[in-house]
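Q: Supplied in structure tokens, the structure appears directly below.
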Amino acid sequence: MNSTTPATVTTVVAGTAVDPTPPAVILAHHLKELRLPTCLREYDRLARQCASEGVDHVRYLLRLVEFELIDRERRLVERRIKAARFPVTKSLDAFDFLAIPALNKPLVMDLARGGFVDRRENVIAVGNSGTGKTHIALGLGLAACQRGYSVLWKPAATLVNELIEARDEKHLLRYQKSLAKVQLLIVDELGFVPLSKTGAELLFDVFSQRHERGATLVTSNLPFDEWTEVFGSQRLTGALLDRLTHHAHVLTCNGDSYRLADAKRRRAKQDKPPAKTTAEG
């Protein structure tokens with residue numbers, strides 16, 4: 027008998043038959059082996075509910091399997107979100123599009139459907155600091171995770187440092203392959219820190235390897251004509267933009283700083299004197 031598959035066994039002790047292994051114990055074992063934790067957790071409760079409602083066995087089994095599928099998808103989404111390494115989790119539902127009128131909301135909501143990832147297209151969010159570029163990137167990344175895509179979040183400076191470390195430690199090729207496998211790579215805050223010649227070349231390699239092979243989302247506080255200040259070479263910048271903007275969606279986030287305006291609103295609310303109350307006579 028297979029040691030991993032318990033059977034109903036009757037044991038005889040001193041001439042007296044002992045009750046066989048309860049079916050619930052065997053069922054629990056089988057459900058664990060089949061990796062159906064939701065079925066294990068819900069089958070008894072759902073059976074009682076279906077019995078009280080007069081639901082037949084097929085519909086009972088259908089409900090139970092649907093519970094398992096829904097819960098399994100939830101766990102998969104949670105794992106994808108964890109693997110993405112978002113600094114915080116933000117959805118597009120929480121973004122104030124009215125505060126950034128220059129931003130193309132219909133385009134953003136269309137991108138959230140994930141088609142650009144399937145088509146291996148790029149998204150570039152460009153605009154002043156504090157105008158919601160990172161929030162948009164987080165929202166699109168979260169939406170991609172929810173739709174079943176693998177996502178990885180990297181601040182530009184962190185990514186460049188990791189590439190340089192990988193090169194110095196002789197595992198650059200392995201790291202580049204791991205980046206290439208991700209369906210959506212998000213590089214945040216490109217342009218905040220000028221890159222060394224080595225860093226610029228390594229980052230160019232990442233974008234070049236993903237060209238038409240994987241979707242890339244980049245946020246930057248600099249317009250395209252100032253990217254040379256970051257990469258230090260007009261030739262390299264031109265080649266990079268040629269690849270990055272090919273099949274790309276550009277989101278313009280110019281406007282007043284959303285964070286600054288929000289901070290002012292909170293400060294004004296805190297400084298507002300309490301309303302006077304009229305004493306009762």
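Numbering (this note's numbering), first residue to last: 27 to 307.
Glycine is no exception: its CB is placed at the ideal position from the N, C-alpha and C atoms.
These figures come from a predicted structure and were not determined experimentally.
The alpha helix (DSSP H) with T184 in it runs from where to where?
A: A182 to D194
Q: Below 7 Å CB to CB, which residues in the same chain sit around H161 once its five sequence neighbours on both sides are set aside?
A: K116 and F121
Q: For H275, which three-state DSSP category applies?
A: strand
Q: Since Q209 contacts S176 with CB under 8 Å, what's their CB separation in whole angstroms?
A: About 5 Å separates the two Cβ atoms, so the contact holds.
Q: Using beta-carbon positions only, say whether F218 and L164 come within less than 8 Å of one another.
A: no
Q: For V149 and P132, I'd like the C-alpha separation in whole angstroms.
A: If I take the Cα positions, the gap works out to 14 Å.
Q: Between the Cα of P63 and those of D97, N154 and A206, spot the shortest distance and give me the residue it belongs to.
A: D97
Q: How many angstroms separate the CA atom of P127 from the CA atom of R173?
A: Their Cα atoms are separated by approximately 27 Å.
Q: From the DSSP output, read off the bridge partner residues of N148.
A: Answer by DSSP bridge pairing, in chain order: A274.
Q: From the DSSP output, which residues share a beta bridge with W179?
A: I212
Q: Report all residues from its chain with a CB closer than 6 Å to the CB of A169; omit the five preceding and five following residues, and keep chain order.
A: A138
Q: For A241, which residues does DSSP report across the bridge?
A: L210
Q: How big is the Cα-Cα spacing for H83 and L72?
A: 11 Å
Q: Since A274 and E147 should fall inside the 8 Å C-beta cutoff, what is the C-beta to C-beta distance between them, to a whole number of angstroms?
A: 6 Å
Q: Assign S78 to buried or exposed, taking buried as 16 or more other Cβ atoms, counted over all protein chains shown, within 10 Å of its Cβ.
A: By the neighbour-count rule (16 or more Cβ atoms within 10 Å), S78 is not buried but exposed.
Q: Can you tell me which of C171, T157, V143 and L248 puts its alpha carbon nearest to the alpha carbon of R100?
A: The residue with the shortest Cα to Cα distance from R100 is C171.
Q: Where do the N-terminal and C-terminal ends of the alpha helix (DSSP H) with G165 fall, by residue?
A: K159 to Q172
Q: Quick one: what's got a C-beta closer than 7 Å to K207's C-beta in the same chain, skipping five residues either side?
A: none
Q: Whole angstroms is fine: what's the gap from L88's alpha carbon to R61's?
A: 17 Å
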